[in-house]
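Residue numbers (my numbering): 849 to 1076.
C-beta atoms are modelled at their ideal positions from N, C-alpha and C, and glycine is treated no differently.
As structure tokens, the structure follows; a few thoughts come after it.
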Amino acid sequence: EVRYRGTVLPSVSYKVTDAGVARTFQNIRLFQHMTALENVQVGSHTRTKSGLGSAIARTSNFKREEKGSVDKARELLQFVGLTRAGGTLARNLPYGDQRRLEIARALASDPGLLLLDEPTAGMNERETTDARDLVFAIRDRGLAVVVIEHDMRFIFSLCSRVAVLVQGQKLVEGSPVEVQRDERVVAAYLGEPTDADESDEEVLEVLAAEERARTAEPTPDHDREATP
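Written out as structure tokens, the structure is:
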């Protein structure tokens, strides 16, 4: 069982959202044929009380909640840096902006805990830096944020507490510095060191080199002749 604030979370996903937990996905799951504004409004649906009858009759309470939903969606789009994208279909947004839109939609449910699954997957270095800054801004709003990520450099620059999992089991937990220096982490992700006296600095250099190789863009083929 999973507990949040002392309460066992239900197994039904929408009830988990009701309990104050929101999430994004590794693979973007937006409503591609809806605008950015409409996507964020969907996120606030769990906090509205008007039913289908009120929507059909356009009652005063429904109109009030609808206006509140629109205002909140616009505020969140501004918060994530998509102020001018409200009327744009989600499918027409750049990849990095779609990631931001997913986060805005999750925030629309007023969570106390935000779960981010691989938030920098497919991003370039600039987009990754922007994503880190956005997570810091979310934290400053008073939310707890849990990030699942394979980009170690991103995690070590972002998190105050890091847990390393190996085959579904927690291997170690601690501060970024403690985790980087833990021999079990190095062995699990890079293999056993050949030199038992290898320094911490050398280990970090290996980690950094692996990260650079993973994120490096393909080198253009300068030998290919351009056709008119």
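- Rounded to the nearest angstrom, the Cβ distance from glutamate 997 to glutamate 1026 is 18 Å, too far for a contact under 8 Å.
- Per the coordinates, the alpha-carbon of alanine 921 lies some 8 Å from the alpha-carbon of alanine 952.
- Take the alpha-carbon of threonine 855 and the one of aspartate 866: they are about 12 Å apart.
- Isoleucine 986 and valine 993 do touch by the CB rule: their CB atoms are close to 6 Å apart, below 8 Å.
- Between arginine 1032 and leucine 1019, the beta carbon gap of about 6 Å places them in contact (Cβ cut-off 8 Å).
- With the rule of 3 Cβ pairs closer than 8 Å, the stretch 857-865 does not count as touching the stretch 936-949.
- Counting C-beta atoms within 10 angstroms of its own C-beta, leucine 955 has 16 or more neighbours from the protein chains shown and is therefore classed as buried.
- Under the three-state reduction of DSSP, valine 994 is assigned to strand.
- Assignment of valine 850 by DSSP, reduced to helix, strand and coil, places it in the coil class.
- Closest in alpha carbon position to methionine 971, among Asp945, Ser957, Gln1015 and Arg989, is Asp945.
- Leaving aside the five residues that flank isoleucine 1003 on each side, the residues in its chain whose CB is nearer than 8 Å to its CB run, in chain order, Val995, Glu997, Val1010 and Pro1024.
- Taking 8 Å as the cut-off, the Cβ atoms of asparagine 875 and leucine 949 do not count as close.
- Inter-residue distance for leucine 964 and glutamine 1015 is about 20 Å (C-alpha atoms, whole angstroms).
- Arginine 947 counts as buried, since no fewer than 16 other beta carbons sit within 10 angstroms of its beta carbon.
- Across the structure, alanine 933 and glutamine 880 are spaced so that their CA atoms are roughly 14 Å apart.
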